[in-house]
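Take a look at the structure set out below.
Number of protein chains: 2
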Amino acid sequence: MKKEELQKIIGNRIRLLRESKGVSQQVLAAMCNFEKGNMSRIEAGRTNPTFTTLYKISQALGIKITDLVDFE
Amino acid sequence: MKKEELQKIIGNRIRLLRESKGVSQQVLAAMCNFEKGNMSRIEAGRTNPTFTTLYKISQALGIKITDLVDFE
DNA sequence: CATTAAGTTGTCATATATGATAACCGGTTA
DNA sequence: TAACCGGTTATCATATATGACAACTTAATG
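From first to last, the protein sequence lines stand for chains A and B.
Using the working numbering, you'd call the opening residue of the first sequence number 48 and step up by one each time.
Using the working numbering, you'd call the opening residue of the second sequence number 48 and step up by one each time.
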């Protein structure tokens, strides 16, 4: 599995979960203490997030990180 | 939860899983296409691995990434 | 039409992950 | 003792994540 593909997968998963919670990128980003533009990049798969970034997002979404990375 | 703490948690988890498979850092690192020194850093919690690095490690360990990040 | 909200994109500085190399340590084994 | 193995640590160059900011688009709303 190639890097860009993985980034898209995790990005799409974050988007899916975020939308299921009915929260905007803006709000979710703020809960993670960063800007909406950065959240957009992550969801678009244009970055390879670190473990701690994924953890922050999972916390903000109110889910476990295991559920955040649960794909395939 | 602070960054360093999270890094240690994931590092310890990788070590635990690696040892349970009875494989050395050297061998696991090679399966991930990097050097043993880098695996040592990750396990020691001295780095904040990216999503793709965690994925590579989970694949090398023959487990799902959900199981790799399954802690607490 | 003007304003606002949501999202995208480009750019920047700074921090740090990655991957490699080498030196080193402790234990084991020939 | 010497050689080897598993692991640690320091250091380096390079790539890229992070976080912030601004400009832009589109859609909805006053």
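Cβ atoms here follow ideal geometry from the backbone N, Cα and C, with glycine treated the same way.
Treat the numbers as computed from the prediction; the structure is a model and nothing was measured.
Interface flag, residue i vs chain A, CB-CB below 9 Å
| i | result |
| --- | --- |
| I104 of chain B | no |
| K55 of chain B | no |
| M86 of chain B | no |
| N59 of chain B | no |
| L75 of chain B | no |
| L101 of chain B | yes |
Interface flag, residue i vs chain B, CB-CB below 9 Å
| i | result |
| --- | --- |
| F81 of chain A | no |
| I112 of chain A | yes |
| M78 of chain A | no |
Beta-carbon contacts of residue i that lie in its chain and below 8 Å, excluding the five residues immediately before and after
| i | result |
| --- | --- |
| Y102 of chain B | I112 |
Neighbourhood of residue i by C-beta, 6 Å cutoff - its chain only, sequence neighbours within 5 removed
| i | result |
| --- | --- |
| L53 of chain B | none |
| P96 of chain A | I89 |
Candidates the options: closest to residue i by CA position
| i | options | result |
| --- | --- | --- |
| R39 of chain B | B:K49, B:G109, B:A107, B:G92 | Any question about residue 39 of chain B goes unanswered here, given that chain B covers just 48 to 119. |
| Q73 of chain B | B:T97, B:E51, B:M86, B:F118 | B:M86 |
| L115 of chain A | B:F98, B:G109, B:I104 | B:F98 |
| E51 of chain A | B:I110, B:T100, B:D117 | B:T100 |
| N80 of chain A | A:K55, A:Q106, A:E119, A:T94 | A:Q106 |
Bounding residues of the alpha helix (DSSP H) (the contiguous stretch that carries residue i)
| i | result |
| --- | --- |
| K103 of chain A | 98-108 |
| D117 of chain A | Element bounds for D117 of chain A: n/a, residue is neither H nor E. |
Proximal residues to residue i (C-beta, below 7 Å), its chain only, five neighbours per side dropped
| i | result |
| --- | --- |
| G58 of chain A | I89, E90, A91, G92 |
| K68 of chain B | L108 |
4 or more residues per run - each alpha helix (DSSP H) lying fully within the region 55-93 of chain B: 72-78, 83-90
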